[in-house]
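Taken in order, the sequence shown gives residues 140 to 602; the numbers are from this note's numbering. All residues carry an ideal CB built from backbone N, CA and C; glycine is no exception. Below you'll find the structure, written out as structure tokens, and then a few comments.
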Amino acid sequence: MSGNTFEVTNPANGEVITAVADCGPKETEQAIEAASQAFLPWRKKTAKERAAIMHRWFYLINENIDDLALLMTTEQGKPLKEAKGEIVYGASFIEWFAEEARRIYGDVIPAPTNDRKIITLKQPIGVVAAITPWNFPVSMITRKISPAIAAGCTVVLKPAAQTPLSALALAYLAKEAGFPDGVINIVTSSKASEIGKVMTESALVQKFSFTGSTKVGKMLMQQCAATVKKVSLELGGNAPLIVFDDAEIEQAVKGAIASKYRNAGQTCVCANRLYVQDGIYDAFMEKYRKAVAALTVGDGTVADIEIGPLIDEEAVKKINRLMGDATHKGATVTVGGKPHAAGSLFYEPTVLEGCNSEMAVSKEEVFGPVSPIFRFSTETEAIQLANDTEYGLASYFFTQNLARTWRVAEALDYGIVGINEGIVSTAEAPFGGMKESGIGREGSKYGIEEYLEIKYLCVGGLG
Ligand code: ADP
């Protein structure tokens, strides 16, 4: 080890929490080598043996939830209640995939002639390299590691430099749970591109899984081309949330607030564009403005705080830029609209009305507590506007009309559609995007397929 370290800071007050190892290419290669050595023995364990260790990890995370939540809030900023919610959600992937490990079925396929049998086996793909973001410091990690290790793969993972402590805590508990050395390897680093290069170019790595920005995802996908790695990408979103005239207003307000303001607006499935139909506009907006204005802002460790700080200065700058662009082009701030007095990384929960497609807020992820509101007249118009983006991760709409529910659900070009619901993520359901939002699905019965190869056995000479 080089002995180099980098500091981790608390976004609520800028204080340094601690320093962690600043790994470089050499340490990454060592971790890949360790994962490669551990692969065969891990793959040879029965699914039940792998599942037993995973269950122990799941229990240990739940037993230590208070400490893990405090750690997460300290390095990431989200309110403690949300941190606990994320840990429950994150741990649920370990439990789910421990169960799925025992259901990795192959097929026996009717052959075209009687002298042969066609059989498929599903086998772990090999060493997996993964890179995760800071907005969900636990669940983005477990969502990738759990299906991989359940399938029999081993993993090298680089967490975001802003939130390495949650990752290290998870790894500590994994060791307690009894994972053999080399099965789960965490590489903390401030030099993301150097680590990414080693991971994507290594011939020992068979699969690369990334959650982060579309820009970086595209680059890493390109880097994976040279060794033809299987890739999973969870990239940016630009989620529309449509409130139709026939929506149930309270439900729509509650769903929109939950979708937009979770994690201070810093998720790739946060509503990014709120489309409100003419007939319900005044009634919905009156309640929505009140609900946004009532959100409490402050240090996430303080009880009843709903909106914590943004992750860093870049995030604040981005919001200031988007707000400036929108108001310059005619949008009106009706709630909030400026940095919050709680500290330099806090921003007021904001409602921005009168937005249109010319504004940058309609094209870029806000990633902050700002609701850009767009008014529309017809269903056709709403669908056209909602789909007018290169992204296709999450979308939401609110209506009480059954025929409209099916029409709109089928017409939206998104991997995830929340209908009368603002929070849709769960281990049982497939999470993932269409278009430039990504490749592959995480969670659900489909999630484990990303870490498996199908092998076809042709048994001949049986005639
Ligand atoms: P975000 O806006 O969420 O920070 P990024 O794509 O920049 O999105 O970061 C997501 C993850 O990708 C983080 O772990 C970050 O360190 C990593 N990352 C950023 N740039 C690169 C790169 N050039 N190569 C590999 N990983 C990168």
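Could you have a look at residue i and say whether DSSP puts it in helix, strand or coil?
i	result
residue 335	helix
residue 597	strand
residue 388	helix
residue 590	helix
residue 327	coil
residue 419	helix
residue 264	coil
residue 498	coil
residue 213	helix
residue 275	coil
residue 541	helix
residue 535	strand
residue 555	strand
residue 232	helix
residue 197	helix
residue 178	helix
residue 563	coil
residue 155	strand
residue 224	helix
residue 302	coil
Counting C-beta neighbours from all protein chains within 10 Å, is the total for residue i 16 or more, i.e. buried, or is it exposed?
i	result
residue 438	buried
residue 487	buried
residue 523	exposed
residue 273	buried
residue 414	buried
residue 311	exposed
residue 575	buried
residue 228	buried
residue 285	buried
residue 161	buried
residue 322	buried
residue 135	Examination of residue 135 is not possible in this model, given that the chain is present from 140 through 602 alone.
residue 346	buried
residue 547	buried
residue 545	exposed
residue 412	buried
residue 183	exposed
residue 234	buried
residue 356	buried
residue 253	exposed
residue 159	buried
residue 400	buried
residue 603	Because residue 603 is not part of the residues shown, which for the chain are 140 to 602, the question remains open.
So, under 8 Å CB-CB, residue i and residue j are touching, yes? Tell me the CB distance rounded to an integer number of Å.
i	j	result
residue 513	residue 540	With a Cβ gap of about 21 Å, residue 513 and residue 540 do not count as contacting.
residue 155	residue 148	5 Å
residue 282	residue 582	6 Å
residue 470	residue 424	Between residue 424 and residue 470 the Cβ distance is about 14 Å, and since that is not below 8 Å, they are no contact.
residue 297	residue 326	5 Å
residue 266	residue 348	Going by Cβ atoms, the distance from residue 266 to residue 348 rounds to 12 Å, so no, they are not a contact pair.
residue 263	residue 591	7 Å
residue 230	residue 197	5 Å
residue 579	residue 372	7 Å
residue 419	residue 382	6 Å
residue 151	residue 478	Actually they do not touch by this definition, with Cβ atoms about 14 Å apart.
residue 405	residue 506	5 Å
residue 577	residue 380	So it is not a contact: roughly 20 Å between Cβ atoms.
residue 571	residue 557	Their Cβ separation, rounded to whole angstroms, is 14 Å, which puts residue 571 and residue 557 out of contact at 8 Å.
residue 277	residue 225	6 Å
Going by the DSSP bridge assignment, what does residue i pair with across the sheet?
i	result
residue 255	DSSP, once it has assigned bridges, lists no residue as partnering residue 255.
residue 369	346
residue 246	259
residue 581	570
residue 160	144
residue 269	296, 348
residue 630	The question about residue 630 has no answer here: the residues shown for the chain are numbered 140 through 602.
residue 400	Its beta-bridge partners do not exist; DSSP assigns none.
residue 474	490
residue 618	It is not possible to answer for residue 618, since the shown part of the chain is limited to 140 through 602.
residue 436	446
residue 509	489
residue 530	574
residue 282	According to DSSP, residue 282 bridges with nothing at all.
residue 515	416
Let me check you understand the geometry: is the CB of residue i closer than 7 Å to at least one non-hydrogen atom of the ligand GTP?
i	result
residue 142	The ligand GTP is not part of this structure, which contains only the ligand ADP.
Is any beta-carbon of chain C found at less than 8 Å from that of residue i?
i	result
residue 467	Of the protein chains in this structure there is only one, and it is not chain C.
Go through the residues and name those whose CB comes closer than 5 Å to any heavy atom of the ligand ADP, in chain order.
-> 270, 272, 299, 331, 332, 335, 351, 352, 355
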